[in-house]
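These notes concern the structure reproduced below.
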Amino acid sequence: MLRRHVTGATKPSASEILDRLEVWGQKLGLEATRSLLDVLGRPQHRVPTVLVAGTNGKGSTSAALASILSAAGFRCGLYTSPHLEHVEERLRIDGEAISEAELGHRLRRVLDAAGETPPTYFESLTAAAWLHFAHHGVDAAVFEVGLGGRLDATNVSDPLLSVITQVARDHAPQLGWTLTSIAGEKAGVMRPGRTCLTWPGRPEVGRELRRCAAVCGAHLVDAEDGVMFDRRLESGHLSLTTPNAQYEFRAPLAGGHQLTNLALAVRAAEEFCALAGRNLEPEAVRQGLEAVHWPGRLEWVEVDAPGGHRRVLFDAAHNPAGAAALHAYLEETGLRFDLLYGSLAEKHPEQCLPLLAEKAERIVLTAFDHPRAAAPETLAPLLPAGRAAVNDNAANALEHCLAAPSSPAHALVVTGSLYLVGEVRSALRGRYGVPVAARELVTGFRP
9 MLRRHVTGAT
19 KPSASEILDR
29 LEVWGQKLGL
39 EATRSLLDVL
49 GRPQHRVPTV
59 LVAGTNGKGS
69 TSAALASILS
79 AAGFRCGLYT
89 SPHLEHVEER
99 LRIDGEAISE
109 AELGHRLRRV
119 LDAAGETPPT
129 YFESLTAAAW
139 LHFAHHGVDA
149 AVFEVGLGGR
159 LDATNVSDPL
169 LSVITQVARD
179 HAPQLGWTLT
189 SIAGEKAGVM
199 RPGRTCLTWP
209 GRPEVGRELR
219 RCAAVCGAHL
229 VDAEDGVMFD
239 RRLESGHLSL
249 TTPNAQYEFR
259 APLAGGHQLT
269 NLALAVRAAE
279 EFCALAGRNL
289 EPEAVRQGLE
299 AVHWPGRLEW
309 VEVDAPGGHR
319 RVLFDAAHNP
329 AGAAALHAYL
339 EETGLRFDLL
349 YGSLAEKHPE
359 QCLPLLAEKA
369 ERIVLTAFDH
379 PRAAAPETLA
389 PLLPAGRAAV
399 NDNAANALEH
409 CLAAPSSPAH
419 ALVVTGSLYL
429 VGEVRSALRG
439 RYGVPVAARE
449 LVTGFRP
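Per the numbering used here, the sequence shown starts with residue 9, numbered consecutively.
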């Protein structure tokens with residue numbers, strides 16, 4: 009029935025197809041995706057792939073790696089999730105998002121191949137990404153893992169290189185309640201005889217990754233070894249030394265936590281170039297990193313609002329580790345700020361909100377369009393009585409925050425969930441014309 013609805017003469021759009029697939033929910037496992045790709049001609053085997061797993065930072069690392077590879081002369085695809093505002097953001101080639109029409113075409117092919125057993129939303133997009141990248145003959149494709157690694161749909165590929173960013177507690181019901189169990193699931197992206205780059209952080213994570221690598225025969229490389237940063241250059245510039253070379257560039261992403269993501273991306277680019285028999289030139293790294301744009305992650309936007317000129321900071325600090333990174337950035341910069349916060353119910357707002365609210369001057373709690381969004385009334389008791397206002401409409405909450413008189417130095421921080429950031433970002437553009445829609449941004453180096 010679903011197949012008849014999403015194929016045929018009417019040619020439904022990508023959004024219409026995906027809306028109908030959402031009812032199938034989320035599903036871990038590889039067999040359905042593998043069978044679907046078999047029918048489609050196994051496009052994943054025609055695309056040299058890098059798999060990037062981890063808890064936080066995998067999106068930034070993926071975007072930086074793809075941009076460096078584009079600058080190094082590879083035609084590079086990038087597949088990430090979730091999206092901020094439009095689903096087309098998830099599939100990019102050399103930083104440019106797929107068009108809605110082309111995504112619709114790819115998804116109709118996927119649904120036609122699926123027959124009477126429809127794939128999930130994520131399985132469909134993952135298959136569409138390999139079709140898209142294979143059709144355009146990319147030289148490399150960076151795939152951000154959706155959930156975990158071992159049973160994620162992206163893991164049906166045969167990656168030339170795997171990357172695991174820092175591991176923290178998240179998605180415990182699916183991945184386990186300890187860092188060791190979570191690291192074990194992430195380690196599923198390793199392949200026998202191939203390199204996996206990691207930045208393990210916690211000792212128990214490193215031990216489990218080493219154990220998994222020994223079991224499967226992967227070559228595990230701690231990307232932190234031999235890496236040094238020098239931030240004593242002119243403001244905003246960095247020097248990064250790896251065991252292979254020294255690179256200088258202007259930091260494209262704010263926040264000290266992004267340094268490890270950028271270093272991991274550079275080390276992965278070095279490894280991929282070596283596999284391809286090419287040298288990675290320092291100029292390609294500089295051009296690639298300085299071209300990175302990753303909206304919704306410590307993204308600053310300036311707006312002339314009713315209460316005066318304001319700076320708005322968007323950051324998807326969606327779990328305790330992300331909240332800690334944002335808190336560190338706010339402490340480092342000494343910002344005066346108001347806080348607009350909303351969270352998914354299962355993302356431990358009881359740990360995130362009190363931390364982010366410590367230095368906030370005004371706090372507004374809100375909700376967003378997602379079935380698992382926490383009601384703001386349930387968030388208010390996490391703070392002292394009277395500390396926060398409640399507004400259950402994100403667009404109205406934004407207007408309330410921007411209408412309050414404030415000095416230009418007084419920022420508004422929008423955080424708690426990527427879904428909230430996307431909804432508020434879209435509302436801000438609808439009212440004030442900024443920022444540019446995420447799917448219209450070229451997120452990396454464009455040859």
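Even glycine gets a Cβ: it sits at the ideal position worked out from N, Cα and C.
On a predicted model such as this, the values are computed, not experimentally measured, just so you know.
For Thr206, the uninterrupted beta strand (DSSP E) segment begins and ends at Thr203 to Thr206. Per the C-alpha coordinates, the member of Thr57, Ser165 and Leu391 positioned closest to Leu45 is Ser165. Contact annotation: Pro328 and His356 have beta-carbon atoms nearer than 8 Å.
Looking at the DSSP output, Met236 bridges to Thr249.
Residue environment: Trp207 is assigned as buried (16 or more neighbouring CB atoms within 10 Å of its CB, all protein chains considered).
With contacts defined by Cβ atoms closer than 8 Å, Thr386 and Leu348 do not form a contacting pair. Separation of Arg239 and Gly264 (C-alpha to C-alpha, rounded to the nearest whole angstrom) is 11 Å. When C-alpha distances from Gly225 are compared across Gly430, Gly196, Val421 and Pro443, the shortest belongs to Gly196.
Straight across, the Cα-Cα distance linking Ser351 with Gly424 is about 5 Å. In this structure, the CA atom of Gly37 is about 15 Å from the CA atom of Pro126. Secondary structure remark: continuous alpha helix (DSSP H) runs of at least 4 residues inside the segment 358 to 425, in chain order: 384 to 387 and 402 to 411. Secondary structure in the segment 256 to 322: the beta strand (DSSP E) runs of 3 residues or longer, each lying completely within the stretch, are 307 to 313 in chain order. Between Phe257 and Leu306, the gap from beta carbon to beta carbon reaches 8 Å or more. Closest by C-alpha distance to Arg454, out of Gly85, Asp233 and Glu339, is Gly85.
Within the segment 51 to 103, the complete alpha helix (DSSP H) segments at least 4 residues long are 66 to 79, listed from N- to C-terminus. One Cα belongs to Leu428, the other to Leu334, and the distance between them is close to 16 Å.
In this structure, the alpha-carbon of Pro167 lies about 15 Å from that of Thr134. Boundaries of the beta strand (DSSP E) harbouring Ala148: Ala148 to Glu152, taken from the DSSP string. The beta-carbon distance between Ala331 and Leu363, rounded to whole angstroms, is 5 Å. This is short enough to meet the 8 Å contact definition. Cβ-Cβ distances below 8 Å link Leu436 to Val309, Val311, Val320, Leu406, Val442 and Pro443 in the same chain, with the five nearest sequence neighbours on each side left out; the list follows chain order.
Cβ contact annotation for Gly112 (same chain, cutoff 6 Å, sequence separation greater than five): Ser21 and Ala22, in chain order.
In the DSSP annotation of this structure, the continuous segment of the alpha helix (DSSP H) that includes Leu115 starts and ends at Glu108 to Ala122.
Residue environment: His140 is assigned as buried (16 or more neighbouring CB atoms within 10 Å of its CB, all protein chains considered). Listed as beta-bridge partners of Tyr349 by DSSP are Leu373 and Thr423.
Cβ contact annotation for Ala445 (same chain, cutoff 8 Å, sequence separation greater than five): Glu93, His94, Ser434 and Arg437, in chain order. Ranking Ala79, Gly209, Glu39 and Pro384 by CA distance to the CA of Gly65 puts Gly209 first. In this structure the segment 171 to 178 touches the segment 58 to 74; the number of beta carbon pairs closer than 8 Å is three or more.
Per the DSSP secondary-structure output, Arg344 pairs in a beta bridge with His418. If you draw a straight line from the Cα of Glu340 to the Cα of Ala262, it is about 11 Å long. Selection Glu30, Thr162 and Leu26 evaluated against Pro379 yields Glu30 as nearest (Cα-Cα). Closest by C-alpha distance to Phe376, out of Gly394, Gly430, Val175 and Ala271, is Gly430. Secondary structure of Leu159 (DSSP, three-state): coil.
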